[in-house]
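Step one of this worksheet: look at the structure below.
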Amino acid sequence: MKLIFKIKRFNELSLIELYNVLQLRSEVFVVEQNCVYQDIDGKDEKALHLIGTYKNEIVAYVRIFKPGDYFDEASIGRVVVKQIYRDRKWGYDLMQEAISATKSELNETNITISAQLYLQKFYEKLGFVKTSEVYLEDDIEHIQMKRK
1 MKLIFKIKRF
11 NELSLIELYN
21 VLQLRSEVFV
31 VEQNCVYQDI
41 DGKDEKALHL
51 IGTYKNEIVA
61 YVRIFKPGDY
71 FDEASIGRVV
81 VKQIYRDRKW
91 GYDLMQEAIS
101 ATKSELNETN
111 ITISAQLYLQ
121 KFYEKLGFVK
131 TSEVYLEDDI
141 EHIQMKRK
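Numbering-wise (the UniProt record's numbering), the sequence shown opens with residue 1 and increments by one.
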């Protein structure tokens, strides 16, 4: 069973899609990770939104930025897979799709991410390399990583 992916600009998201994306992000980044932070950060309007659905439910998501909108290079962030589906390794499918979309939609291959430290090996398997020391972002250890 595979995810069905679609990519949309902010103004192309339906109200239901936007609500479900924000619900998923809150479910994982705020509740599951027990981290009170401002998820709705004013950057969604600039991003491309890659949505992964399974049986018509949004279960995976990332947002993609062109160079200069988040980092100097193109970037991928808010990488999330609904907890009950993580055993299917859909995070890899999601990131591979995001990397491909960064190239096809933005014509960019240099990508920067701010990765949670515990996911370093996951991102390394996707070709990312650590480029910073550990830093705290919303009280969670992160590192910057790049892929060329």
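Yeah, the Cβ is synthetic: ideal placement off N, Cα and C, and Gly gets one too.
All values derive from a computational prediction rather than experimental measurement.
In this structure, M95 lies near L126, with their beta-carbon atoms less than 8 Å apart. A straight-line Cα-Cα distance of about 21 Å links D93 and L18. In chain order, V134, E141, H142 and I143 place their CB closer than 7 Å to the CB of L117, counting only its own chain and leaving out the 5 sequence neighbours on each side. When S75, L48, Y85 and K43 are compared, the shortest CA-CA separation from K55 is found for Y85. Around the CB of I113, 16 or more other CB atoms lie within 10 Å, so the residue is classed as buried. Between the beta-carbon of V62 and that of V79 there is about 5 Å, and that keeps the pair under the 8 Å contact cut. The Cβ atoms of F65 and D44 do not sit closer than 8 Å to each other. Taking all protein chains shown into account, Y70 has 16 or more neighbouring C-beta atoms within 10 Å of its C-beta and is therefore buried. When secondary structure is reduced to three states using DSSP, V28 falls in the helix class.
If you look at M145, you'll find it in the beta strand (DSSP E) that goes I140 to R147.
The C-alpha of Y37 is placed about 24 Å away from the C-alpha of I111. Uninterrupted beta strand (DSSP E) stretches at least 3 residues long and entirely within the UniProt domain "N-acetyltransferase" (8–148) occur at 48–54, 57–65, 74–81, 111–116, 135–137 and 140–147, given in chain order.
Burial state of E32 is exposed, judged by a 10 Å Cβ sphere holding fewer than 16 other Cβ atoms. Taking 8 Å as the upper bound for CB-CB distance, L22 and A98 are not in contact here, some 18 Å apart.
In the structure shown, the three-state DSSP call for K2 is coil.
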